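Structure first, then comments.
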Amino acid sequence: MVVGRHRETKAVIDLGAIYHNVAEEKARLKEGQDLFAVVKANAYGHGLIQVARAAKQAGANGFCVAVIDEGLALRQAGFTEPILILGVNSPIEAVIMAQNDLSVAVGDESFLREAAPVLKQAGLRLKVHLALDTGMGRIGFRFADEVKSVVALLGQLTKQFVFEGIFTHFASADSKETSYFNKQVALLNEMLQVVSPKPRYVHFANTATAMWHSELTGNAIRYGIGMYGLNPSGSQLTEPGTLRPAMELVSQLVAVKHVSAGAAIGYGETYVAKHDEWIGTIPIGYADGWSRKLQGFSVLVAGNYCEVVGRVCMDQIMVRLPQNFKLGTKVTLIGTNNGHTITAQDVANYAHTIHYEIVSALTERIERVYVWKN
Numbered sequence: 005m006v007v008g009r010h011r012e013t014k015a016v017i018d019l020g021a022i023y024h025n026v027a028e029e030k031a032r033l034k035e036g037q038d039l040f041a042v043v044k045a046n047a048y049g050h051g052l053i054q055v056a057r058a059a060k061q062a063g064a065n066g067f068c069v070a071v072i073d074e075g076l077a078l079r080q081a082g083f084t085e086p087i088l089i090l091g092v093n094s095p096i097e098a099v100i101m102a103q104n105d106l107s108v109a110v111g112d113e114s115f116l117r118e119a120a121p122v123l124k125q126a127g128l129r130l131k132v133h134l135a136l137d138t139g140m141g142r143i144g145f146r147f148a149d150e151v152k153s154v155v156a157l158l159g160q161l162t163k164q165f166v167f168e169g170i171f172t173h174f175a176s177a178d179s180k181e182t183s184y185f186n187k188q189v190a191l192l193n194e195m196l197q198v199v200s201p202k203p204r205y206v207h208f209a210n211t212a213t214a215m216w217h218s219e220l221t222g223n224a225i226r227y228g229i230g231m232y233g234l235n236p237s238g239s240q241l242t243e244p245g246t247l248r249p250a251m252e253l254v255s256q257l258v259a260v261k262h263v264s265a266g267a268a269i270g271y272g273e274t275y276v277a278k279h280d281e282w283i284g285t286i287p288i289g290y291a292d293g294w295s296r297k298l299q300g301f302s303v304l305v306a307g308n309y310c311e312v313v314g315r316v317c318m319d320q321i322m323v324r325l326p327q328n329f330k331l332g333t334k335v336t337l338i339g340t341n342n343g344h345t346i347t348a349q350d351v352a353n354y355a356h357t358i359h360y361e362i363v364s365a366l367t368e369r370i371e372r373v374y375v376w377k378n
């Protein structure tokens, strides 16, 4: 997608905040524990390469991605640290992963059986992390006997595979209610009993588990949403550190007009002015990831909360202004403006979703601008 460098809608990414969040979490880890920075989905919308560099500088020992191409992009940018692909991949992709020293999650024995002859022919070994489905219901082995069988198979295929890691993913580590979490822990312990010796990496913790269940981190954690300064629980639980949000989403007024009572604004006449009003137009829309669900939400203009009126358009939104503002007046959609703040969580609450979706849905058309604040 083309990046909109010639308009004033920008996602301003504070790499200093990324550094702070990673360094703070690293300081909480026990001796010998590694931190893998989760930079999938363009680093949750923040920028893959730039975020990875800041995370590495702060002490990240490796990276997690979702697809092969994200791992390749990191390798092409010069990263030599371990990179784990968390998504499911076809056995025919085993060669390119092995050639680029990419580790891969495996949750099905058939992957190993089908990839083995491909790797043998190429004279390559692939690093694998066994995924354990302890209750997420996504990918992974579900029973201890399955785990025992696949570990035995890896023992027979040492020329094709390196058994590098084993992991699970907790579905409710960010919840006040812990009964399901404890159920997953019990199943995890049952599965781990059949794995001996353990591989190099034993990792169970996403951000939430690392924050609120640190006794279950293993020897590595996968640090995701917390790296971007966002609380994985939303507002249910208080994070143990001082997370600094890394993203600010800003724009400016590109049109301001005075309309009379009864004037309709936007598609479908979903908003009609009750009084004479000032209406401002801002260059961001659903093609940029600013959802149509955000009609009725507010943005900050010169410190004023201004309601989005009319439907969110593909490229623009309209807001009701308290007065006539000059063209070019700064607009803040996420961040602080004249002492008032709108957080990604505020946006998510209004849209009935999670802040993960809000930041990662921002498209490449929005230019990312990188700063480093202390």
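Residue numbers for the sequence shown follow this note's numbering, beginning at 5 and rising by one. We put the CB at the ideal spot given by N, CA and C, even for glycine. These figures come from a predicted structure and were not determined experimentally.
- Exposure of Met-5 is indicated by the presence of fewer than 16 other C-beta atoms within 10 angstroms of its C-beta.
- When secondary structure is reduced to three states using DSSP, Leu-123 falls in the helix class.
- Distance from the CA of Lys-297 to the CA of His-207, rounded to the nearest whole angstrom, comes to 37 angstroms.
- If you draw a straight line from the Cα of Val-373 to the Cα of Leu-39, it is about 26 angstroms long.
- One alpha carbon belongs to Tyr-48, the other to Gln-188, and they sit about 26 angstroms apart.
- Nearest in C-alpha terms to Ile-346, of all of Met-251, Lys-152, Ala-156 and Met-215, is Met-251.
- With a threshold of 16 other beta carbon atoms within 10 Å, Gln-61 falls short and is exposed.
- 9 angstroms or more divides the Cβ of His-344 from the Cβ of Gly-300.
- For Lys-163, the three-state secondary structure derived from DSSP is coil.
- Collapsing the DSSP output to three states places Glu-85 in coil.
- Within a 10 Å sphere around the beta-carbon of Lys-202 sit fewer than 16 other beta-carbons, which makes this residue exposed.
- DSSP places Asp-350 in the uninterrupted alpha helix (DSSP H) bounded by 348 to 355.
- Nearest C-alpha to Tyr-309 among Glu-219, Lys-334, Cys-68 and Ala-291: Lys-334.
- Contact check for Val-16 against Ala-59 fails: the beta carbons are separated by 9 angstroms or more.
- DSSP, reduced to helix, strand and coil, places Trp-216 within a helical segment of the structure shown.
- Taking the Cα positions, Val-42 is about 6 angstroms away from Val-69.
- Look at Met-251 here: in three-state DSSP terms it is strand.
- For Asn-25, the uninterrupted alpha helix (DSSP H) run begins and ends at 19 to 32, by DSSP.
- Beta-bridge partners of Gly-284 (DSSP): Val-260 and Val-323.
- For Val-155, same chain residues with a beta-carbon under 8 angstroms away, outside a window of 5 residues either side, are Leu-134, Phe-167, Val-198 and Val-199 in chain order.
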